[in-house]
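In terms of this note's numbering, the sequence shown is residues 1 to 418. Ideal placement from N, C-alpha and C gives every residue a C-beta, glycine not left out. Read through the structure below, which is laid out as structure tokens, and then see the notes.
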Amino acid sequence: MDSIDLILVILMVPLLAGSALFSACETVFFGLSEVDRVQINQRSSIAARSVDSLLRKPRMLLITVLLGNMTVNTLYFVLGSVLSVRYSDHVALATLIGLLTIAAIVIAGEVIPKVLGSALRVRVAVVLGPPLLGLHRVLAPLRVFLESFVIAPLSRLTAPASRPRDLEPAELDALIELSGRDGVIDSHEHELLREVVRIRELRVSDVMIPRVDMPTVSPDVDRSELLGLIESTRCSHVVVREKDGDEVSGLLKVREYLLDSDSSDQSMTPHTQEAHYVPDLASIEHLLDHFQTSGTSISVALDEWGGIAGLVTLEDVVEEFVGDIQSFGDTTIPDPKRLSDGTWRVSGATALDDWKRLFGDTMEPTRVRTVGGLFLDRFGRMPIVGDQIRIGNVECTVDAIEGQRITSVLVRVVGGER
């Protein structure tokens, strides 16, 4: 190998490195997710601004990367061809040089950079973002010419109309978690956003008032009995239905009924509104659309057989995300009480979110909302006093039952105190 051959080989090395960099750039910048871009901003604001500027017009960025890659690859193969021709008298050696030239560009200039770039997107983007933006601006005149007179006309002829990529649910979840962990949003905002994102998983059955708790009267109910029900439940609406069936006559507007007259023979009919229905398996998004189109904030939930499953209100949906809205006269769920023997007495109506804050999130995913609902879910029947379930290292025992409701549960932490 003489000095000319050595010079050719030396010149091919930076060209190979340039090819690797452009290949990595293509994989890195077009593979960045929203979460990656947040992490880049945390590492370097300069790199973040560079990435934002480059990705503002992705097609222009692609032109820059392809122009750079094509240029260095062309020069690389020209030098490789010259080197191979210089040994044309030795066919085997010339062939070997050609094969090594191709193998080097494929492995070192394409495969390895793309694999590493995909695995280290954020780090590579932080390093290459600013210099690539500089090259991007230098090539601006050439890019504009190619875009205006070559690429854009061809795209209009061949490519369908494109639209921005939607943010994936997993990306949104990751963004919220990352923002909460890094202090971009406070803990209250973090919890609220998580609940809002969770709306796509919720069904009407998750937020409704179950049939067993639903305030119900028959059309011929005695006024004193009705007033007693209203006083005990403090409800805003009462479901009016036949005693032995699922036919709903309407929903009594309690406030109007009470304000209208105190006469003993007052009829419910003038204050009864038509009932609207929604499947208990409908999504919360569907329920909110239903409320908007029907102009109501309360509906009767029906099960898959058409029977009454419960009652759902707009307030129930709001409380799912912001917590209990304590209205005047609402019954307060008792706080957990520690007993002398180290166990806890917990209301069966305690929400599972409150349970998790007290005893940890060790339970398997479930669609029930209360501690009492866990027993119904586990046993598939109405539990009796003394029935037990185990959640992680927490042992729960039914303590008291009223009617069809578990009113209190005894909780004991096995293997340690809580």
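Is DSSP giving R156 helix, strand or coil here?
As a working note, residue 156 is residue 156 in the sequence shown. Helix at R156.
Could you tell me the alpha carbon to alpha carbon distance between M430 and E171, rounded to whole angstroms?
Outside the shown range of the chain, which is 1 to 418, sits residue 430, and nothing can be said about it.
Pull the bridge partners of Y277 from the DSSP assignment, please.
Here the question's residue 277 lines up with position 277 in the sequence shown. Looking at the DSSP assignment, Y277 forms a beta bridge with V300.
Residue range of the beta strand (DSSP E) that E201 falls in?
As a position in the sequence shown, residue 201 is number 201, starting the count at 1. Per DSSP, E201 belongs to no beta strand (DSSP E) and is neither H nor E.
Report the partner residues of S45 according to the DSSP bridge assignment.
Position 45 of the sequence shown holds residue 45. Answer is none; S45 lacks a bridge partner.
May I ask you to report which of helix, strand or coil DSSP gives D353?
As a first step, residue 353 is located in the sequence shown; it is residue number 353 there, counting from the start. Helix at D353.
Between the region 178-185 and the region 269-287, do at least 3 Cβ pairs fall closer than 8 Å?
In short, these stretches do not touch, since the Cβ pair count stays below three.
From the DSSP output, in three-state form, read off Q292 for me.
If you number the sequence shown from 1, residue 292 lands on position 292. Helix.
Between P130 and the rest of its own chain, which residues show a CB-CB distance below 7 Å, the 5 nearest in sequence each way excluded?
Numbered from its first residue, the sequence shown carries residue 130 at position 130. The residues are I46, A47, S50.
Would you list, in sequence order, the uninterrupted alpha helix (DSSP H) runs of no fewer than 4 residues that lie entirely inside the region 49-85?
List check, alpha helix (DSSP H) in window: 58-85.
The beta strand (DSSP E) spanning E256 covers which residue range?
Position 256 of the sequence shown, counting from 1, holds the residue named residue 256. Premise fails: E256 lies in the alpha helix (DSSP H), 254-260, not in any beta strand (DSSP E).
In terms of alpha-carbon separation, which member of I391, E168, I401 lies closest to V35?
Residue numbering aside, residue 35 sits at position 35 when the sequence shown is read from its first letter. Ranking the options by Cα distance to V35, first place goes to E168.
I'd like to confirm the pairing. Which residues does DSSP put opposite E395 in its beta bridges?
Taking the sequence shown and counting its residues from 1, one reaches residue 395 at position 395. The partner list for E395 (beta bridge, DSSP) reads R390, R412.
Spell out a yes or no on whether the region 10-28 and the region 114-124 are touching, meaning 3 or more CB-CB pairs, one atom from each, closer than 8 Å.
Result yes; three or more Cβ-Cβ pairs closer than 8 Å.
With DSSP run on the structure shown, which of helix, strand or coil describes P334?
Taking the sequence shown and counting its residues from 1, one reaches residue 334 at position 334. Correct three-state label for P334: coil.
List the residues that DSSP assigns as beta-bridge partners of V248.
For the purposes of this step, residue 248 is taken as the residue at position 248 of the sequence shown. Answer is R241.
Can you give me the Cβ contacts of F328 inside the same chain, cut-off strictly under 7 Å, excluding the 5 residues immediately before and after it?
For the purposes of this step, residue 328 is taken as the residue at position 328 of the sequence shown. At F328, the pLDDT of 42 sits below 50, so the modelled position is not reliable and the matter cannot be decided from this model.
Please classify D316 as buried or exposed, where buried requires at least 16 other C-beta atoms within 10 Å of its C-beta.
Working through the sequence shown from its first residue, we reach residue 316 at position 316. The residue in question, D316, is buried, as its Cβ has 16 or more Cβ neighbours within 10 Å.
Have a look at V385 and H188 and give me their C-alpha separation to the nearest angstrom.
As a working mapping, residue 385 is identified with position 385 in the sequence shown. As a working mapping, residue 188 is identified with position 188 in the sequence shown. Going from the Cα of V385 to the Cα of H188 covers about 38 Å.
Find the nearest neighbour of D206 within the set S33, L287, I7, N393, judged by alpha-carbon distance.
Along the sequence shown, one-based indexing puts residue 206 at 206. It is L287 whose Cα lies nearest to the Cα of D206.
Spatial neighbours of G372 within its chain, please: CB distance less than 6 Å, with the 5 preceding and 5 following residues excluded, ordered by chain position.
To locate residue 372, count along the sequence shown from 1; it is residue 372. For G372, where only same-chain residues beyond five positions count, the Cβ hits under 6 Å are G348, I406.
Identify, in the order they occur along the chain, each residue of the same chain with its Cβ nearer than 7 Å to the Cβ of I389, setting aside the five sequence neighbours on each side.
For this step, residue 389 is matched to residue 389 along the sequence shown. For I389, where only same-chain residues beyond five positions count, the Cβ hits under 7 Å are L374, F375, R378, C396.
Is the region 14-23 in contact with the region 72-84, if contact means three or more CB pairs nearer than 8 Å?
Segments in contact, yes.
List the DSSP bridge partners of W344.
The residue given as residue 344 occupies position 344 in the sequence shown. Answer is R338, V411.
With a CB to CB cut of under 8 Å and the five nearest residues on each side skipped, what residues in its chain are close to I97?
Along the sequence shown, read from residue 1 onward, the residue named residue 97 stands at position 97. Same-chain partners within the cutoff: G80, L83, S84, Y87.
I need the boundaries of the alpha helix (DSSP H) containing G117, first residue and last residue.
The residue labelled residue 117 in the question sits at position 117 within the sequence shown. Start and end: 112-119.
Assuming G360 is part of the alpha helix (DSSP H), what are its boundary residues?
Position 360 of the sequence shown, counted from the first residue, corresponds to residue 360. First-last for G360: undefined, no H or E at that position.
Leaving out five residues on either side along the sequence, give the residues of the same chain with a beta carbon under 7 Å from the beta carbon of C235.
For this step, residue 235 is matched to residue 235 along the sequence shown. Here the set comprises P215, V254.
What's the call for Y257, buried or exposed, on a 16-neighbour Cβ count within 10 Å?
On the sequence shown, position 257 is the one that residue 257 refers to. Counting Cβ neighbours within 10 Å, Y257 comes out buried, since at least 16 surround it.
T343 to E191, Cα distance in whole Å?
Reading the sequence shown from its first residue, position 343 is the one you call residue 343. Reading the sequence shown from its first residue, position 191 is the one you call residue 191. When rounded, the distance between both Cα atoms is 29 Å.
What is the rounded straight-line gap between the Cα of I298 and the Cα of E195?
For the purposes of this step, residue 298 is taken as residue 298 along the sequence shown, with counting starting at 1. For the purposes of this step, residue 195 is taken as residue 195 along the sequence shown, with counting starting at 1. I298 and E195: Cα-Cα distance of roughly 21 Å.
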